[in-house]
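In my numbering, the protein residues as written are 20 to 521. We treat Cβ as the ideally placed atom computed from N, Cα and C, and that holds for glycine. Quick caveat, the model's predicted, so the values are computed rather than measured. All remarks here apply to the structure that follows.
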């Protein structure tokens, strides 16, 4: 009898605390628009079960309720989605900024690398890795991009003048070849393997991470990890992905031990030895201690993810926009011919300096990244109480920035759904646009460390493709549906047609 009384006493106290806390959150939520929640499960049941449906529902909520909205999760949890300029600045430029809780869902795969770590570890890694992206090092990567682009152009010949095909799948393999060689100094020849297991596993892994965010068990790590079928699948994927990375690391170790710091290809024309991202990690020390194998793997996995998936989407979406807007593609081709007039434009290998000359291409890329930013959401955890819309949100609360919606603010971008590269050359529009209205690589101390690498590869690839092929839309190009897990990507590929240029 005594034990029963104690149990009910604890139950009553727990319920009282639950409802007091819920009442406080309800008062806080009144300052933000959003869909009406159900008791206990919040808005969870209002979201579809498929990845694309979840993305479209969030876009719909912002269109219906405005730039700053709140949704309810399981129990007493609020999810703030902020896209108004002033509030975005408060979140991304806060001192001691930390990634949101959802980033911890990536840790079984990426560990506590640059993307997921915080505090002293993040600061040391960021400081040490940043020199890897110096323009002198990037210059050495251009020839790798060129060589892999040669392979991509050759693979696409089977579609010359033919039926529609998915350009995204080709670009994804090209990007994997490029990131493996530039980051780790090894060639995996993914473009010769259309069913590449690594690409397939990464895509599925990012799906599972998003599905966990919208899962009832997702907020209970131990229960989720052992009871949910998605967690069982995730463990198998992690093993395979880590096996791939470990193999690449050991292969590079052997090359360095044998004094082979150049390309694997014996007939390589490059005589200058290059230091890759992996080489830097293998030689790196922090507090006079070398990085462990696990430390190296988590940074390599992070770099592989960041340099492959996001670049694949950025290149593919830019090609899609050029297919849909023929007059813009024609103008770009004119610029290509003007700059490469003394070369055979179809076979010319571009240099780092060549890329800097393409001014109209720069406008196209910026507009493509505005409409379809590869990282469409970022999350941050408040480290101090912060005022938003007249309400004080306490420290510890997660805030999400939907970059996809930030870039669609009609006050900043008139006719925001139209693809207009010239808006980035228009003085009037540039005066309207502040530093927090265009953030395809995020902003602040935790912005994308590899943005120069990504932009260089994106621009070079687009020039090489458009120099060789006229890209045409197919019946389904305009109806491409989007989905976002960790990266914005097409739900079922990007269908286009191509015709070889004379």
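{"Check": "Relative to the C-alpha of residue 406, which residue among 243, 48, 300 and 452 is closest?", "Outcome": "48"}
{"Check": "Could you give the distance in angstroms between the alpha-carbon of residue 517 and the alpha-carbon of residue 182?", "Outcome": "9 Å"}
{"Check": "Expressed to the nearest angstrom, what Euclidean distance is found between the alpha-carbon atoms of residue 302 and residue 311?", "Outcome": "11 Å"}
{"Check": "DSSP three-state label for residue 60, please.", "Outcome": "coil"}
{"Check": "Buried or exposed for residue 64, going by 16 or more other Cβ atoms inside 10 Å?", "Outcome": "exposed"}
{"Check": "Kindly indicate which three-state DSSP category residue 15 falls into: helix, strand or coil?", "Outcome": "Outside the modelled stretch of the chain, which goes from 20 to 521, sits residue 15, for which no answer is possible."}
{"Check": "Should residue 129 be labelled buried (16 or more other beta-carbon atoms within 10 Å of its own) or exposed?", "Outcome": "buried"}
{"Check": "Which same chain residues end up closer than 7 Å to residue 374 when comparing Cβ atoms and leaving out the 5 residues on each side of it in sequence?", "Outcome": "475, 478 and 479"}
{"Check": "Considering only C-alpha positions, which residue in the set 139, 186, 274 and 464 is nearest to residue 108?", "Outcome": "464"}
{"Check": "Going along the chain, which unbroken runs of the alpha helix (DSSP H) with 4 or more residues stay wholly within the region 385–457?", "Outcome": "422–425 and 446–451"}
{"Check": "Nearest to residue 359 by alpha carbon, out of 445, 482, 511 and 458?", "Outcome": "482"}
{"Check": "Is the beta carbon of residue 395 closer than 7 Å to that of residue 503?", "Outcome": "yes"}
{"Check": "Cα separation between residue 272 and residue 52?", "Outcome": "54 Å"}
{"Check": "Note down, in chain order, each residue of its chain lying with its Cβ closer than 8 Å to the Cβ of residue 71, except the 5 sequence neighbours on either side.", "Outcome": "500, 501, 502 and 510"}
{"Check": "For the region 312–324 and the region 171–188, state whether three or more C-beta atom pairs, one from each stretch, are separated by less than 8 Å.", "Outcome": "no"}
{"Check": "Taking the alpha helix (DSSP H) that residue 299 belongs to, which residues open and close that run?", "Outcome": "296–302"}
{"Check": "Have a look at 69, 97 and 418 and flag the residue whose alpha-carbon is nearest the alpha-carbon of residue 42.", "Outcome": "97"}
{"Check": "Apply the 10 Å Cβ neighbour rule to residue 423 and answer buried if 16 or more other Cβ atoms are within range, or exposed otherwise.", "Outcome": "buried"}
{"Check": "With distances taken between CB atoms, is the gap from residue 410 to residue 402 smaller than 7 Å?", "Outcome": "no"}
{"Check": "DSSP three-state call for residue 167: helix, strand or coil?", "Outcome": "helix"}
{"Check": "Less than 7 Å between the beta carbons of residue 29 and residue 151, yes or no?", "Outcome": "no"}
{"Check": "CA-CA distance, residue 241 and residue 90?", "Outcome": "25 Å"}
{"Check": "I'd like the ranges of any alpha helix (DSSP H) spanning at least 4 consecutive residues and lying wholly in the region 191–236.", "Outcome": "216–232"}
{"Check": "If you check the beta carbons only, do residue 44 and residue 417 fall under 7 Å apart?", "Outcome": "no"}
{"Check": "So the candidates are 520, 521, 231 and 507; which of them puts its Cα closest to the Cα of residue 575?", "Outcome": "For residue 575 there is no data in the structure shown, the boundaries of the chain being 20 and 521."}
{"Check": "Buried or exposed: residue 314, going by 16 or more other Cβ atoms within 10 Å of its Cβ?", "Outcome": "buried"}
{"Check": "The beta strand (DSSP E) spanning residue 101 covers which residue range?", "Outcome": "97–101"}
{"Check": "At the level of alpha carbons, what is the spacing between residue 520 and residue 253?", "Outcome": "44 Å"}
{"Check": "Out of 404, 456, 384 and 92, state which residue places its alpha-carbon closest to the alpha-carbon of residue 233.", "Outcome": "92"}
{"Check": "Below 7 Å between beta carbons: does that hold for residue 194 and residue 102?", "Outcome": "no"}
{"Check": "Reducing DSSP to helix, strand and coil, say where residue 86 ends up.", "Outcome": "coil"}
{"Check": "State whether the region 485–495 contacts the region 342–358, with contact taken as three or more CB pairs (one from each stretch) at a distance under 8 Å.", "Outcome": "yes"}
{"Check": "Under a three-way DSSP split, which group does residue 380 fall into?", "Outcome": "helix"}
{"Check": "Within 8 Å, do at least three Cβ pairs link the region 364–380 to the region 160–167?", "Outcome": "yes"}
{"Check": "Okay, do the region 449–461 and the region 381–401 touch, 3+ Cβ pairs below 8 Å being the bar?", "Outcome": "yes"}
{"Check": "Measuring straight from C-alpha to C-alpha, what distance separates residue 82 and residue 490?", "Outcome": "32 Å"}
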